[in-house]
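K.L.:
First residue of the sequence shown? That's -10 in our numbering, and the numbers climb one at a time after it. Virtual Cβ for every residue (Gly too), placed ideally from N, Cα, C.
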Amino acid sequence: MRHLSIDVPDTEAGRLELMIATSSIERMRGLLGRAALGPRQGMLLPKCGMIHTFGMAYPIDVVYLDRRNRVLKVSPALAPRRMDGHWRARSVLELAAGVAQACGIRPGCALALPGGGGR
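(1) So, at 6 Å on beta carbons, what are the nonlocal neighbours of Ala66 in its own chain, with the 5 sequence-adjacent residues on each side left out?
(2) Quick check on the DSSP output: what are the complete alpha helix (DSSP H) runs of length 4 or more inside the stretch 21 to 98, in order along the chain?
(3) Can you say whether Pro69 is buried or exposed, counting buried as having 16 or more other CB atoms within 10 angstroms of its CB?
(4) Whose C-beta lies closer than 8 Å to the C-beta of Trp76 among residues of the same chain, with five residues either side of it excluded?
(5) Taking its Cβ as the centre, do 16 or more other Cβ atoms sit within 10 Å of Met(-10), making it buried, or is it exposed?
(6) Here's the rule: buried if 16 or more other CB atoms are within 10 angstroms of the residue's CB, otherwise exposed. What is Ile14?
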């Protein structure tokens, strides 16, 4: 698993510290079995367009990104035992519930991730 810090554009939120799931096993596991994310932490799931929260104990914000890392959809506070996705998503960013709104992450904005999130 790699780690990355990114600046959040158009906000005073500062930086987010991301874990990047680089293998298919890491993508399948995602946040399962992990403690709740802090307010500046997240997990990036490249090559992913759909997630589930089965087995999780806390809600998360889910941000769907296209191949240029533009936000397609934000699912705020997605509760445990749910499935969600976006047909055009090429990567998914999982954040603690409420962080997407606090950071001003909304459809149409672009995140400064290296390369494309693409499949």
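P.N.:
The answer reads as follows:
(1) For this step, residue 66 is matched to residue 77 along the sequence shown. So the list reads Pro48 and Ala86, once near-sequence residues are dropped.
(2) 88 to 91
(3) Against the sequence shown, residue 69 aligns to sequence position 80. It is exposed - the Cβ of Pro69 has fewer than 16 other Cβ atoms within 10 Å.
(4) Along the sequence shown, one-based indexing puts residue 76 at 87. Closer than 8 Å at Cβ, skipping near neighbours: Gly38.
(5) In the sequence shown, residue -10 corresponds to position 1, counting from 1. That one is exposed.
(6) Position 25 of the sequence shown, counted from the first residue, corresponds to residue 14. Ile14 should be labelled exposed.
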